[in-house]
């Protein structure tokens with residue numbers, strides 16, 4: 081199908097059937113990709129947002145889905161199902177990829193936090209105590225949802241699934257709050273520690 085015929089699809093009053101859009105897409109017609117985006121992007125975004133609980137991640141997944149639709153158009157087989165079902169299948173795979181990537185990030189952060197906790201128990205001294213004070217202070221400055229998730233994780237040793245059950249929030253929302261909270265906590269501690277340790281090293285009025 082030529083780009084001219086694809087443009088005609090977009091301009092005519094009667095919307096083309098899904099099968100017609102699919103044929104044009106497989107033939108490499110970018111106008112049919114635009115038609116597919118108009119027709120299914122809202123559904124893709126809704127599925128992603130519901131699963132991830134984060135509008136920015138949902139937007140990223142939506143872009144990845146239609147990039148995957150275009151790159152993988154040769155793999156569409158109408159005898160196996162509708163183009164809408166095929167796009168939903170790609171959406172579910174992209175959501176799974178996004179969740180896996182998020183889990184890997186959180187696992188790395190949790191591992192680092194666990195290592196720091198072990199080190200804190202093994203080492204005593206003013207610097208370790210200072211770190212604990214700073215962490216407590218910075219936690220209290222986070223938005224309430226992020227603070228709640230991290231306190232349940234750090235102080236009650238709950239998993240993300242257990243936090244979701246405790247709070248009644250979707251698991252995707254819990255993961256989003258944990259990720260954002262850890263990023264903010266890390267950034268604030270990087271800013272605060274050098275100043276605090278410099279003050280710690282300054283002789284005080286000890287009498």
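Numbering (the numbering used here), first residue to last: 81 to 287. Where a beta carbon is used, it is the ideal one built from N, C-alpha and C, also for glycine.
Would you mind stating whether residue i and residue j have Cβ atoms separated by less than 7 Å?
| i | j | result |
| --- | --- | --- |
| residue 167 | residue 120 | yes |
| residue 125 | residue 138 | yes |
| residue 258 | residue 179 | no |
| residue 227 | residue 238 | no |
| residue 153 | residue 105 | yes |
Does DSSP classify residue i as helix, strand or coil?
| i | result |
| --- | --- |
| residue 152 | coil |
| residue 237 | coil |
| residue 198 | Only weak support exists for where residue 198 lies, its pLDDT of 49 falling under 50; the coordinates are left without a value. |
| residue 129 | helix |
| residue 230 | helix |
| residue 103 | helix |
| residue 157 | coil |
| residue 222 | coil |
| residue 249 | coil |
| residue 164 | helix |
| residue 109 | coil |
| residue 96 | coil |
| residue 177 | helix |
| residue 134 | coil |
Quick test of your reading: residue i and residue j, contact by CB under 8 Å. State the CB separation rounded to the nearest angstrom.
| i | j | result |
| --- | --- | --- |
| residue 132 | residue 141 | 7 Å |
| residue 246 | residue 232 | 6 Å |
| residue 102 | residue 158 | 6 Å |
| residue 175 | residue 127 | 7 Å |
| residue 98 | residue 163 | 5 Å |
Using 10 angstroms around the beta-carbon of residue i, count the other beta-carbons present and answer buried if the total reaches 16, otherwise exposed.
| i | result |
| --- | --- |
| residue 122 | exposed |
| residue 255 | buried |
| residue 177 | exposed |
| residue 118 | exposed |
| residue 109 | buried |
| residue 62 | Here the chain has residues from 81 to 287 only, and residue 62 is not among them. |
Examine the ligand ATP and report whether any of its heavy atoms sits within less than 6 Å of the Cβ of residue i.
| i | result |
| --- | --- |
| residue 244 | The ligand ATP is absent from the structure shown, which contains no ligand whatsoever. |
Report the residue from the options whose alpha carbon sits nearest the alpha carbon of residue i.
| i | options | result |
| --- | --- | --- |
| residue 252 | 181, 162, 235 and 156 | 181 |
| residue 172 | 148, 160, 155 and 184 | 148 |
| residue 134 | 160, 264, 266 and 250 | 250 |
| residue 264 | 161, 155, 217 and 240 | 217 |
| residue 262 | 111, 94, 225 and 241 | 225 |
| residue 183 | 260, 165 and 155 | 260 |
| residue 150 | 111, 161 and 136 | 111 |
| residue 267 | 215, 156, 100 and 165 | 215 |
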